[in-house]
Amino acid sequence: MNIAVIGKGAREDAIAQKLLNEGNKVYLINESNIKNNNVNIKVDDFFKIKEFCNHKNIELIIVGPEDLLVKGITDYFNNTNIKVFGPKQDYTFLESSKIKAKYFMKKNEVQTAPYIAFEKFEENKIKQIINEKKGNLVLKYDGLAAGKGVLISNNIKDALNNLEVLKTKYGKNLKLIIEDRLIGSELSIMSITDGKNIKIFQASQDYKLSHNFNKGLNTGGMGAITPVDFITDNILSEIKKKIIMPTINGFKKENIHYLGFLYFGIILTKEGPFLLEYNIRLGDPETQVLLPAMKTNLTNLINLTLDKNLDKIEEIEFNSQYYMSLVLASKGYPLDYATNKIIKINKKDLNCNIFYAGVKKDENNNLLTNGGRVLNIVSSDNNLERLKNTVYKCAENIDFETKYYRDDIGTIY
Ligand code: GLY
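Take 356 as the starting number for the sequence shown in the working numbering and just add one per residue.
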C-alpha cells in the first residue's frame, strides 16, 4: 500500500518504520529532509497534503499527533478516496476537553479519579476547594496543552501557585478540573478500535518528568519501557472490566463511531486501576517501544479496523523481550534550549535503532538539533539490566553539545 504518516516526532518515525518493514511504500510528512522518504510539507497544510497524496496515489493516511485530529483532518478527507486513520473531529473531545472526557467517563462508569469541573473560572470557589483538600490535588486545564496543562501539588502553597500559572497562561476564561491526587504506578495502554471492537497493546510505561527519580518538570516523555513487569493477568482483567469495556460500551450507547488508536493513561492504586486520561492517538515515546515489539502486522490491523472487522483477529501479539527507549533531549527542555548543534553518531557497535524527532540537516548534510526532544534510542533484550547497558552505551556514542538524558529509564517507580 502507499501510505502517508503525518507528524514531526520520533513516534511518527517509528510508525513509518514499522509500515515500511511490512512492505508498504511509506511517505513521512514531517516538514523535514533527514531521510529519503521524508516530505517537507507543513503537517497542518491539509490542502497540500491532499495534493501530495493524489500525486503519489496514497490510499491511507496515519495521523500521529492529536492536534491535527482535533483540527479535523479526518473530516477533511471524507468523501475522497484517501482514508484517514484517526477519529472524526466530533469524537476528539476525549482528549481535547478534559471536562467532556470526564463527563463521558462518569456517565459510562469508567473508573476515574474523583473530580470537580469548572466550566467557568470561579476563583474563590476553586481556592476554597484547594484549602479544603489541603492542596493535595491535580489541576487540569480543560484544553490541549501538550502535556503542560496538568499540574500536581501536595500542599496549599504549590496548589495556589499552580492555579496562578494556569490563570496567567489562559486568563479569565480558564476552564479546569480539580482532580483528587491518586497515589500509585502509572502505565499506558494503547489500543486500536473501530468503536465496537477493541484490541489492546501490551502495557508500557513512560517517564514523563525531566529528571531522574521522576523529578523535575512534565515533558512529552523522556523514555519508555515495555512490557511492564507488575501488570499481572488479574490487573489486566480489572483494567479491562473497569476502564476499557465501559469505554467501548459507552461508545455504543452514545453512538460514538470512534475509529483509530485510543490511549488509556492509567494509575494503579491500592484501590485498583483508575483512568487518568484518554488520548486519541498513540503515545510518544511509548510507540517507539511498542511498534518494534509488535509481532502482529500493523497494516493488516489498521485495514481490519477501517473495514470494521477487528473481531476477525484474536489478540495483538508482541515479542517476549523487553524494549526500551531513551530520549536524548537538548539541555533546558521542556523550557528553553539551544538548537542547531551538530549531532555526531558513532555508528560502530551501535546496537540500537534511532528514531528522529527534533533533527534537521544543513546544506553540508550535517545532522543538527532542531527541537527539545532530539532523538530516541531503542533496543531490546531478554535481560533488562543488559538492555539498559546497551541503550546507555548507545547514548554515549551519540554526541551533541547540549545532549541531556535521564539515567534511570527502565527503573520501575
Ligand atoms: N507519553 C505520553 C503521551 O504521549 O501523551
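Beta carbons: idealized from backbone N, C-alpha and C, even for Gly. Because the structure is a prediction, the values reported are computed rather than measured.
Item	Value
Completely contained alpha helix (DSSP H) runs for the segment 689-764, where each covers 4 or more residues	739-751
Unbroken stretches of the alpha helix (DSSP H), 4 residues or longer, contained in the segment 455-512	478-487
Residue burial classification, residue 632 (beta-carbon count within 10 angstroms, cutoff 16)	buried
Contact test: residue 638 Cβ vs ligand 1 heavy atom, cutoff 6 Å	yes
Proximity test, Cβ basis, 7 Å: residue 569 and chain C	As a matter of chain content, chain C is missing from the structure shown, which is built from one protein chain.
Alpha carbon of residue 471 to alpha carbon of residue 502, nearest angstrom	20 Å
Endpoints, alpha helix (DSSP H) assigned at residue 425	421-425
Beta-carbon gap between residue 638 and residue 593 smaller than 7 Å	no
Own chain, CB closer than 6 Å to residue 484, minus 5 neighbours either side, in chain order	533
6 Å Cβ shell around residue 754 - same chain, five flanking residues per side excluded	699
Beta-carbon spacing of residue 759, residue 569 below 7 Å	no
Distance cut-off 6 Å: residue 561 Cβ against heavy atoms of ligand 1	yes
Ordered list of alpha helix (DSSP H) runs contained in the segment 389-435, each at least 4 residues	401-410, 421-425 and 428-431
Three CB pairs or more closer than 8 Å across the segment 420-440 and the segment 391-409	yes
At least three beta-carbon pairs within less than 8 Å, the segment 640-651 to the segment 578-588	yes
Alpha-carbon to alpha-carbon, residue 468 and residue 520	23 Å
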